[in-house]
Amino acid sequence: PEILSNINTIDVLYIDGNHTYESTLKYFNMALSKATNDSVFVFDDIYWSVGMTRAWNEIKKDPKVTLSIDAFYFGFVFFKTEVKEKVDLRILI
Numbered sequence: 003p004e005i006l007s008n009i010n011t012i013d014v015l016y017i018d019g020n021h022t023y024e025s026t027l028k029y030f031n032m033a034l035s036k037a038t039n040d041s042v043f044v045f046d047d048i049y050w051s052v053g054m055t056r057a058w059n060e061i062k063k064d065p066k067v068t069l070s071i072d073a074f075y076f077g078f079v080f081f082k083t084e085v086k087e088k089v090d091l092r093i094l095i
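In the working numbering, the protein residues as written are 3 to 95.
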């Protein structure tokens, strides 16, 4: 949290840590104001627990998220303003 006050924007954010619903959403919301059109946020272990999956589903629905990619172990969200209709992709292996 402290580092966010020292930066203007986030290019790539990798979130892996406290695997709870509350913490995952908290980290996302704290960083969201630093997201730009070119930012990508990566979430690790999106199916680690019911709470993580719930947080991932809420993050995908955020109005600023225009593209999400579910790669099972990882989730990626993008904020591309040129994407006019929200896109949710899932990679099946």
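Glycine residues also receive a C-beta, built at the ideal position from the N, C-alpha and C atoms.
query	result
Residues sharing a beta bridge with F80, DSSP	V42, L69
Cβ-based neighbour list, S41, same chain, cut-off 8 Å, excluding 5 preceding and 5 following	T11, I12, D13, V14, L15, F80, F81
Beta-carbon proximity check, T26 vs F43, cutoff 8 Å	no
7 Å CB neighbourhood of W58 in its chain, flanking five on each side removed	F45, I48, G77
Beta-carbon proximity of I71 to L94, cut-off 8 Å	no
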